[in-house]
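Quick note: the sequence shown uses the numbering used here, first residue 2, plus one each step.
Built from N, CA and C at the ideal position, the CB exists for glycine as well.
For clarity, every value in this text was computed on a predicted model and none was experimentally measured.
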Amino acid sequence: TKHFPVRRGLRSLFTRERKAVHAVDDLRLTLRRGRVTALVGESGSGKSTVARLLAQLYPRTSGDIRLHGETITVHGGRKFRAYCRQVQMIFQDPFASLNPVHTVRYHLTRALKIHGRDGKTSAELEDNLRQLLLRVQLTPPERYLDKFPHELSGGQRQRVSIARALGADPEVLLADEPVSMLDVSIRLGVLNLLRDLKERLNLAILYITHDIASARYFADETMVMYAGRLVEGGDSETVTQQPAHPYTRLLIESAPDPDRLDRVGDPKDAPEDEAGGEPPSLIAPPTGCRFHPRCIHAMPKCSTELPPRFELPVISGEGEHWAACWLYEEGAAK
Ligand code: SF4
Ligand code: MG
2 TKHFPVRRGL
12 RSLFTRERKA
22 VHAVDDLRLT
32 LRRGRVTALV
42 GESGSGKSTV
52 ARLLAQLYPR
62 TSGDIRLHGE
72 TITVHGGRKF
82 RAYCRQVQMI
92 FQDPFASLNP
102 VHTVRYHLTR
112 ALKIHGRDGK
122 TSAELEDNLR
132 QLLLRVQLTP
142 PERYLDKFPH
152 ELSGGQRQRV
162 SIARALGADP
172 EVLLADEPVS
182 MLDVSIRLGV
192 LNLLRDLKER
202 LNLAILYITH
212 DIASARYFAD
222 ETMVMYAGRL
232 VEGGDSETVT
242 QQPAHPYTRL
252 LIESAPDPDR
262 LDRVGDPKDA
272 PEDEAGGEPP
282 SLIAPPTGCR
292 FHPRCIHAMP
302 KCSTELPPRF
312 ELPVISGEGE
322 HWAACWLYEE
332 GAAK
């Protein structure tokens, strides 16, 4: 894992109806090749904003994004262009992300051309197109190349979107709820494909989801986001088996049964309506710990002082575990 992008202290503050929206605050996140990092949170927590920030689709107001230790600053510069090739995004809705008037061949050829990977001859191009479809297990490739999006199932379309992202030969995939709009019966297949690609292509994957059960199944590392801030992180097994932050516990209690893997990422099971209370407005987030209005453990200092990350003992191997919660301050009663 010599090469990895590092992002720290990112902040996004954009205006909506002339009010500042503190969508993401103090994001510190490192993605590593060969690993899936899950970013879990309710809708409105800012997790899609994280993907758009990292994809350079939104401007950031402070902080930096690094790739291989190098800060990416100038828009349009050489490093920026390299970053935009190396960091590819997969969107939630495979229906909206493919142009209905174009074939699979068109979408994939375009991706290869943009990144100068279309080959010198038409035979080379044809071979590269076939390889992309084989990578996403659409076989035989000839059956899919000249199809239009409407001739494919949702799962096949998402596979084409993944193939298109792979056309750039990326190091990082940003996958924003990649299976939540798919039929429950095919979600596992797409997650398993992504996991297989992670291993074979040594990709770093950011898996954005509202479903902590699928994070446990699919991700090596899990980060939990609440109201624009990361509140807990660590290896997925530890975070899901021994959640420390009261918000993570709430998410797990209201999550579907983790053994029901046929239901991973089911939006009907989203905890947002069941978790007791609403996520706060990002226009005027609560002071101190942003979770304090909903927290059953809240102490006086919780509403005034922002809790830093407290390191927690790790049970399994080399992983890490931390929670931004005053309960874990030295000497605090658990
Ligand atoms: Fe609850 Fe306080 Fe911990 Fe926030 S810092 S989660 S309010 S105990
Ligand atoms: Mg979203």
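- The beta carbon of residue 165 sits closer than 7 Å to the beta carbons of 108, 109 and 112 from its chain, once the five residues preceding and following it are set aside; these are given in chain order.
- Looking at 92, 234 and 316, the one whose alpha-carbon comes closest to that of residue 326 is 234.
- In the DSSP secondary-structure assignment, residue 88 is bridged to 173.
- In the three-state reduction of the DSSP assignment, residue 64 falls in the strand class.
- Taking 7 Å as the cut-off, the beta carbon of residue 313 is found closer than this to the beta carbon of residue 245.
- Assignment of residue 118 by DSSP, reduced to helix, strand and coil, places it in the coil class.
- Look at residue 184 here: in three-state DSSP terms it is coil, with no helix or strand label.
- When secondary structure is reduced to three states using DSSP, residue 24 falls in the strand class.
- Considering only 83, 147 and 175, the residue with the shortest C-alpha distance to residue 71 is 83.
- Between residue 167 and residue 206, the C-beta spacing is not below 7 Å.
- For residue 36, the enclosing beta strand (DSSP E) has its first and last residue at 36 to 41.
- Distance check between residue 248 and each of 124, 156 and 41 places 41 closest, using alpha-carbon atoms only.
- Taking a contact to require three or more Cβ pairs closer than 8 Å, the stretch 182 to 196 and the stretch 283 to 292 do not qualify as touching.
- In the DSSP assignment, residue 214 falls outside any beta strand (DSSP E) and within the unbroken alpha helix (DSSP H) covering 213 to 219.
- Taking each of 184, 144 and 133 in turn and checking the Cα distance to residue 162, the smallest one comes out for 133.
- Distances taken from the Cβ of residue 323 to the heavy atoms of the ligand SF4 include none shorter than 6 Å.
- When 106, 202, 252 and 328 are compared, the shortest CA-CA separation from residue 37 is found for 202.
- Proximity to residue 309 across 296, 298, 315 and 331 peaks at 331, based on C-alpha coordinates.
- Nearest in C-alpha terms to residue 105, of all of 171, 238 and 150, is 150.
- The stretch 210 to 230 and the stretch 24 to 35 touch, with three or more beta-carbon pairs separated by less than 8 Å.
- Sequence-distant Cβ neighbours of residue 187 in its own chain, meaning closer than 7 Å and more than five residues away, are 156.
- Boundaries of the alpha helix (DSSP H) around residue 254: 247 to 254.
- Here residue 102 is exposed, its C-beta having fewer than 16 other C-beta atoms within 10 Å.
- Restricting attention to 43, 33, 48 and 97, the CA atom closest to the CA of residue 182 is found in 97.
- Every residue with a CB closer than 7 Å to a heavy atom of the ligand SF4 is listed here in chain order: 246, 247, 248, 290, 292, 293, 296, 298, 299, 300, 303, 308, 326, 327 and 328.
- Its chain contains 137 and 139 as the residues whose beta carbon lies nearer than 6 Å to that of residue 160, once the 5 sequence neighbours on both sides are disregarded; these appear in chain order.
- For residue 93, the closest of 49, 131, 299 and 250 by C-alpha to C-alpha distance is 49.
- Scanning its chain for C-beta atoms nearer than 7 Å, with the 5 sequence neighbours on each side dropped, one finds around residue 220 the residues 37, 38, 39, 208 and 237, in chain order.
- Under the DSSP assignment, residue 223 falls in the beta strand (DSSP E) whose first and last residues are 222 to 227.
- Residue 199 is classed as buried because its beta carbon has at least 16 other beta carbons within 10 Å across all chains shown.
- In the DSSP assignment, residue 155 falls within the unbroken alpha helix (DSSP H) covering 155 to 167.
- Nearest C-alpha to residue 299 among 158, 283, 89 and 329: 329.
- Per DSSP, reduced to three states, the secondary structure at residue 59 is coil, with no helix or strand assignment.
- Going by DSSP, residue 94 is part of no alpha helix (DSSP H) at all; its letter is neither H nor E.
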